[in-house]
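Colleague:
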Amino acid sequence: MAKAVVEGAQSIEGVKVELKYHVESQELLAFDAIAVGAPTYRHVMPLDFKNLFEEATSHGISLKGKIGAAFGSYGWSGEAPKLVLDIMQTKFDMQIIESPVVAKYIPNEAAIDECINLGKKLAETLMNSA
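Here the working numbering is used: the sequence shown runs in plain steps of one and ends on residue 191.
Laid out in structure tokens, this is it:
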């Protein structure tokens, strides 16, 4: 799913994309847009993500105005991407571009296409706001 989001974002001219599997809270400042891939386990987002957001808050890191998106897979419930977007919007005042893309179990072709479109929308929103 992450690679599909990257593919979509890279299809927009002038957009530089960096795929990271782990970031420190200070690194968030370097990005104009952030897409988070969050799997759901037991109705919550992974603890690493929760810790990242809490650390960013405790260090006073401002993400205000940055563009945010989320996606993820799940087995039963699928709440994590929505929880991530909620935190991005309410705690960090980020500009959320749309509802998260979610896929049950292994993403099918339709979910991959949605991720590509999410990446395109993220990049287009970024380029239009510059």
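Every residue, glycine too, gets a C-beta built ideally from N, C-alpha and C.
(1) If you reduce the DSSP assignment to three classes, tell me which class G126 lands in.
(2) Provide the residue span of the beta strand (DSSP E) that contains V163, from first to last.
(3) Going by the CB atoms, is the gap between A131 and W97 shorter than 7 Å?
(4) Would the stretch 120 to 135 count as touching the stretch 157 to 169 if we require 3 or more Cβ pairs under 8 Å?
(5) Quick one: what's got a C-beta closer than 7 Å to K143's C-beta in the same chain, skipping five residues either side?
(6) Under a three-way DSSP split, which group does G121 fall into?
(7) Helix, strand or coil: how does DSSP classify D158 here?
Modeller: So, to answer that:
(1) Three-state DSSP puts G126 in coil, outside helix and strand.
(2) Under the DSSP assignment, V163 falls in the beta strand (DSSP E) whose first and last residues are 162 to 165.
(3) According to the sequence as given, residue 97 is Val; it is not Trp. Closer than 7 Å, so yes.
(4) Counting Cβ pairs under 8 Å, three or more are found: they touch.
(5) Result list for K143: P161, in chain order.
(6) Residue state, collapsed to three classes: coil.
(7) Reading off the sequence shown, one finds Ile at residue 158, where the question assumed Asp. DSSP, reduced to helix, strand and coil, places I158 outside both helices and strands of the structure shown, so it counts as coil.
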